[in-house]
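Here the structure is laid out as structure tokens; the discussion comes afterwards.
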Amino acid sequence: MRKKNKRDNLSINKNYSSKIHKSISGIIYPAAKEKIVDYVRSKSADSWALLMSENLPNKVYKNEAEVINYLKAKGFSKNYTKVPDQVKISNKLKQFTRNPSMIIVVGRQEAVIYHASNGSVSLKDSFKFPTPRYSDNEGHFKTRVGGGVVRSGSARELNDEIMVGNFTRMLKARLESLKVDANFKKVYFFSPDHLRRHFMETMPKPLKDRVVDCISGNFFKFHPIDLVKKIMENADVKIVKPISKEARKIMETYYLASATIKA
């Protein structure tokens, strides 16, 4: 494997400088860290940019160059891809101050768990199941019962199923260790849609009973503030349940009787 040289590093720095400039261009300076964070959050859904701004020192910046130069000096390409252990929740997102909550975010083979309360989101656990390596020549399998093919596919597909199963067992064990924490009232669950039911079935009952919202999608790399905003957006959507057949018949009978009396 070719080692990175100085030219590669300059290219990386240039790309990141351009990315930061795009995220914070438009800010009127001097600007405090809080102002920069709020601006990035309102302008872009880029979780990387939000992580970058969250990790800035709490001070007033004279201009954009000062922000970029600070991040260059700190090696932002390495230091700002990691979610901070704790972030503050905006005053506009007060829901988690009243209701301490657990936020479980599951990907295909990774998970991160947060505890939201008292105006902040804290990292409780994070882990990833390693991806197995496959050869180029994967075999093909068929399973027959009574002469009929009931299942077929590649060895890669079979191994993927095994990997999901192993990750699920790991997830269950990690959640089991957290279920004893009674300092939360609600659980918000993020998961890819096709795996949501599978993961929910393995969730410990004390946690499952507190699940108030399941949000479909792969949100594993999202900043915790983005997750909180997504939860709030879902809470603002009013879902009207369809009327059952029995209820509809009762209503139709009522309106018919009312019309007869008036006549």
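So for the sequence shown, full-length UniProt numbering puts the first residue at 1; every next one is plus one.
Glycine included, C-beta positions come from ideal geometry on N, C-alpha and C.
Note that the structure is a prediction, hence the values are computed from the model and not measured.
Any idea if residue i is buried or exposed, counting beta-carbon neighbours within 10 angstroms, 16 or more meaning buried?
i: A26; result: According to the sequence as given, residue 26 is Gly; it is not Ala. Exposed: under 16 other Cβ atoms inside 10 Å.
i: E54; result: buried
i: V187; result: buried
i: V106; result: buried
i: R41; result: buried
i: T143; result: Caution applies to T143, whose pLDDT of 44 falls short of 50 and renders its modelled position unreliable; the model cannot decide the point.
i: H194; result: exposed
i: S101; result: buried
i: V112; result: buried
i: A31; result: buried
i: A49; result: buried
Hey, could you find the ends of the alpha helix (DSSP H) residue i is sitting in?
i: F199; result: D193 to T202
i: P206; result: K205 to K208
Per DSSP, what kind of secondary structure is residue i in: helix, strand or coil?
i: D125; result: strand
i: K185; result: coil
i: F167; result: helix
i: I28; result: coil
i: S18; result: helix
i: N69; result: helix
Between residue i and residue j, how many whole angstroms is the CB-CB distance? I'm expecting something under 8 Å.
i: L56; j: I20; result: The pair is not a contact, with the Cβ atoms about 11 Å apart (cut-off 8 Å).
i: I36; j: I24; result: 6 Å
i: I104; j: A116; result: That belief does not hold up - the Cβ atoms of I104 and A116 are roughly 11 Å apart, past 8 Å.
i: F190; j: G217; result: 7 Å
i: D125; j: L207; result: The Cβ separation is near 13 Å, so there is no contact.
i: L175; j: M203; result: 6 Å
i: M163; j: F127; result: Their Cβ separation, rounded to whole angstroms, is 14 Å, which puts M163 and F127 out of contact at 8 Å.
i: I215; j: K230; result: 6 Å
i: P224; j: Y61; result: With a Cβ gap of about 23 Å, P224 and Y61 do not count as contacting.
i: F220; j: E110; result: 5 Å
For the beta strand (DSSP E) that residue i lies in, which residues bound it at each end?
i: H223; result: First-last for H223: undefined, no H or E at that position.
i: I104; result: S101 to V106
DSSP beta-bridge partners for residue i?
i: S216; result: S191
i: residue 312; result: An answer regarding residue 312 cannot be provided, because it is not within the stretch 1 to 263 covered by the chain.
i: V60; result: A32
i: A116; result: S101 and V121
i: V211; result: V187
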